[in-house]
Each structure stands twice: as C-alpha cells, then as structure tokens.
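In the UniProt record's numbering, the protein residues as written are 1 to 444.
The next block holds one structure in the form of structure tokens; read it before the comments.
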C-alpha cells in the first residue's frame, strides 16, 4: 500500500527555516515595542523580555512539534488537545480559536493598520475604528474570491514585509544617536515592580512571536523530520528573535523611551527620524503592507476554523456556517468572525485585544506542552518521527513560562483575563447541547 505522506516529503532544511520565519514574523515586531517599553519602563528590561520571549518561543516550538509529528492530522492544536484530553477540551480550544483568537487578531491588526493610515495622512483619531472596519472588510471580500486570491496576496506581502525590517535594522543601528540606551544593569523602570514588569513584558512579546504553533505541521513534508525539524525551529525562531532584538534596539536608539511608551506610531516616527520625512513615509507604507499581509493570513486561516467545526457538527446553525462562495470560501463563518472583530475594535485598543487573545490561547498552548509529557507516559509505543530534544527540560521550560504568563495576567490584568475566560466558557453550554442532540439523533 502506498503512503501518500511520502509523496509530500519534499521540503529541505532551508525551506523549513524560511517557512518558520515567514509564519512568525508579522505586525507585532513593529507595534509591540510601545507596549513592552510601557510595562517595563527601561531599555534593559525591554530588551531582556524580547530575548526571554524568543527563548520561550523556541522551547514552545520544539515541544509542540513532537505533537505535530506524532499526530499528523488536520486541526492542529484542536486535534492535539482532543487526542490527549478528550472531546470537551478539544471543542473548547476550537471555540476559543474560532471566536476569540482569530477575531481578536483581525481586530488588533486592523486597528494598527488604520492607526498608521491616520498618522500617515494626518487624519483625526476618530477615523481609526471606521477605517479598521473597512480594512478588515476589504481582506474579507478578497478571501471570499477563494483561497487562490488570499494566497496570492499573502505571497506578495511576505516579500514586501521584509524590506522595512532590513532597512530599519541596517540603517537604524549605525546612525549617530544621542538617546540613552542601556542593556545593563537589568532593572525595571521607576514605579515598575520587577516581576510585574517581567510578566507584562513577556505577555506583550508573546503576540509578536505568535505563529510558532503552526510550524510543527510541516513535519510531514520534511525529507528528514527527525534531523531537520529541531534545527529548523531552533535556527528559524532564533533568527526571528535576533531580528526582533535588532529592530527593537534600533527603535530604542532612535527615540527616547518616553516617546515610545504606549505610542502605536513609534515605528513610523522612528522611521521618519532615521530616513527623513520622505523615506520614513515609504518605510511606513512598507510596514502597513506587512500588517495587511498578517491580517490576511489570520483571516484566511481563521474563517476555516468555524467551518471545520460545523463540518463535524460542533456548532449550532450548522448549515449557515457551511455556506461557501462560488470560489469555495466559507463566507458565513468569516462573516461571523468579522462581526465579532468589529465589536472588539469598538470596545478595546490594540494592546487590550492582543493581551486577551494571548492569555486565552496560551491556556491551550500550555495544555499542549503538558500533553507531550502525558502522552510520553500514556502511550510510550506511539510512533514519534521527531522527539523534543533534552526531554523533559525543554517542555518544562515552555510549560512553566506559560503558567507564569497566565498567573501574572490573572493577578495584574484581572478584568481582561476574566473577560477572556468568560467568552471561552460560553462554549460549554453549546458543547453539551450539541452532544445531547447527537445522542437523541443516535437513539432515533
């Protein structure tokens, strides 16, 4: 019997590295610098949490890749959670992704795109939310044409988004700077507690590093996953971490922290200072293209999650969620996510939305780290084409970091955490309703 998976094993080591980097690098690198500086209060602490966030992400990626290689089925995180903990937790992770994680990403990215547009053309701040809604709608209609249209947009923006990063790093680091920049001693700013700053800073960087969960899914397409996957994840995510450290150093050497803290326009203002007014505007447009591409990626992927849940009869109004455009795009599932995103845009700012989505998704990420250890004990005979190196140290680092972020958020941003928990728990009655419905249909 032929193995179809073997036909797909055509990815080499360097292809894997480029996929890892392309998946993770998005908009967060440009817009989380303001939040990180605000919550840490010092350049040394800001740079440290970017470094720590990168190391945690490498451990997380190496850990989750074992699940991806051992359970090579569609569904990703939902499948890993369901396989390990049962259908209830699998459903809840799907619910959280479909109706919190992806809509929140759409909302946050649309807000930063609109913020840059308003800043570029010196418009009034009142235009931000209407423009954010129009931005999200434009990508929604492009994706309604089908996956080919969304994929083409993704390919174009992938190349363009690297241009502002390279320019800012190369030119920004070699400019004459009179801005105070320090890496040592490591300390939080005045009126910032060390562990509070560490937790809040780490939470902020987690949004910029997000996307690593999907890199393990390439395991089935690698020529030699056992050898290449840990190297691709370590080198790929390590390179992302270095890029993030360099670009943040360029920002911090260009603007004083008082002008960066809480300022979503910090990246474009730093670009103007580095390249002059004309050059700065061109770089800002490049940043906006990067954001637009990241928004497209989340919308294209996200609208297929509720569609997949409806296919498995996990949602009410199943037939509605299964509606497709002539181009085979799940327009109804995407429309529901758009409406949720519009509500989030109206109610919360960029950092509030991203912190909530990171808190919710890291609950399930942490469960996936624990799942690696549970399955090692429960199913030692399971075929594992790739095993996480230095087991159990690396999974424990990822798990402890996840728990730290969750507990810190729960105590320092309680309302935000509670809102995320409540929206997640709203899926529980729907799960049991659908389960009873299935049982009744089974009896009939």
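Glycine included, every Cβ here is placed at the ideal spot set by N, Cα and C.
Run of the alpha helix (DSSP H) containing residue i, from where it starts to where it stops
| i | result |
| --- | --- |
| residue 384 | Unbroken run through residue 384: none, as it is neither H nor E. |
| residue 331 | 331-347 |
| residue 273 | 266-302 |
| residue 152 | 147-160 |
| residue 95 | 87-96 |
| residue 117 | 102-120 |
| residue 209 | 194-209 |
| residue 458 | Given a span of 1 to 444 for the chain in the structure shown, any question on residue 458 remains unanswerable. |
| residue 449 | Residue 449 is absent from the structure shown; the chain starts at 1 and stops at 444. |
Local conformation of residue i per DSSP, three classes
| i | result |
| --- | --- |
| residue 255 | coil |
| residue 322 | coil |
| residue 62 | helix |
| residue 400 | helix |
| residue 186 | coil |
| residue 315 | coil |
| residue 11 | strand |
| residue 173 | coil |
| residue 499 | This structure does not reach residue 499, given that the chain is present from 1 up to 444, and the question cannot be answered. |
| residue 165 | helix |
| residue 191 | coil |
| residue 27 | coil |
| residue 243 | helix |
| residue 437 | helix |
| residue 262 | coil |
| residue 71 | coil |
| residue 358 | helix |
| residue 367 | helix |
| residue 431 | helix |
| residue 248 | helix |
| residue 99 | helix |
| residue 391 | coil |
| residue 236 | helix |
| residue 76 | coil |
| residue 181 | coil |
| residue 327 | coil |
| residue 45 | helix |
| residue 123 | coil |
Between the CA atoms of residue j and residue i - distance to the nearest angstrom
| i | j | result |
| --- | --- | --- |
| residue 467 | residue 49 | This structure cannot settle anything about residue 467, because the visible part of the chain is limited to 1 through 444. |
| residue 179 | residue 99 | 43 Å |
| residue 309 | residue 324 | 15 Å |
| residue 124 | residue 152 | 33 Å |
| residue 438 | residue 313 | 9 Å |
| residue 3 | residue 106 | Because residue 3 carries a pLDDT of 43, less than 50, the predicted location of this residue cannot be relied on, and the following value inherits that uncertainty. Cα to Cα, the separation comes out at about 38 Å. |
| residue 399 | residue 64 | 11 Å |
| residue 422 | residue 340 | 15 Å |
| residue 207 | residue 237 | 14 Å |
| residue 56 | residue 18 | 20 Å |
| residue 121 | residue 128 | 12 Å |
| residue 475 | residue 280 | Outside the modelled stretch of the chain, which goes from 1 to 444, sits residue 475, for which no answer is possible. |
| residue 91 | residue 171 | 48 Å |
| residue 297 | residue 159 | 14 Å |
| residue 393 | residue 372 | 12 Å |
| residue 350 | residue 429 | 30 Å |
| residue 137 | residue 382 | 44 Å |
| residue 441 | residue 200 | 48 Å |
| residue 213 | residue 226 | 18 Å |
| residue 144 | residue 333 | 11 Å |
| residue 62 | residue 386 | 10 Å |
| residue 230 | residue 240 | 15 Å |
| residue 283 | residue 426 | 42 Å |
| residue 139 | residue 210 | 21 Å |
| residue 6 | residue 12 | Note that residue 6 scores 40 on pLDDT, short of 50, meaning its location in the model is unreliable and no value can be drawn from it. |
| residue 85 | residue 368 | 10 Å |
| residue 112 | residue 270 | 16 Å |
| residue 405 | residue 96 | 18 Å |
| residue 265 | residue 184 | 27 Å |
Heavy atom of the ligand ATP within 8 Å of residue i beta-carbon
| i | result |
| --- | --- |
| residue 141 | Ligands in the displayed structure: none, and consequently the ligand ATP is not present. |
Residues bridged to residue i (per DSSP)
| i | result |
| --- | --- |
| residue 447 | Because the chain in this structure spans residues 1 to 444, residue 447 falls outside the shown range and cannot be described. |
For this session: Taking 8 Å as the threshold, find out whether the region 314-331 comes into contact with the region 433-441 through three or more Cβ pairs.
Result: yes
Exercise. So does the region 30-48 actually touch the region 369-384, counting three or more Cβ pairs closer than 8 Å?
Worked result: Inter-segment contact for the region 30-48 and the region 369-384 is absent: fewer than three beta-carbon pairs are separated by less than 8 Å.
Problem set entry | Three-pair Cβ contact test at 8 Å for the region 245-263 versus the region 20-33 | yes
For this session: Count the C-beta pairs between the region 284-304 and the region 328-340 that are closer than 8 Å, then say yes if the count reaches three, no if not.
Result: With a cut-off of 8 Å on Cβ pairs, the region 284-304 is in contact with the region 328-340, counting three or more such pairs.
Problem set entry | At least three beta-carbon pairs within less than 8 Å, the region 334-354 to the region 77-88 | no
For this session: May I ask you to verify whether the region 250-258 touches the region 176-195, counting CB pairs closer than 8 Å and requiring at least 3?
Result: By the Cβ rule, the region 250-258 counts as touching the region 176-195, because three or more pairs are nearer than 8 Å.
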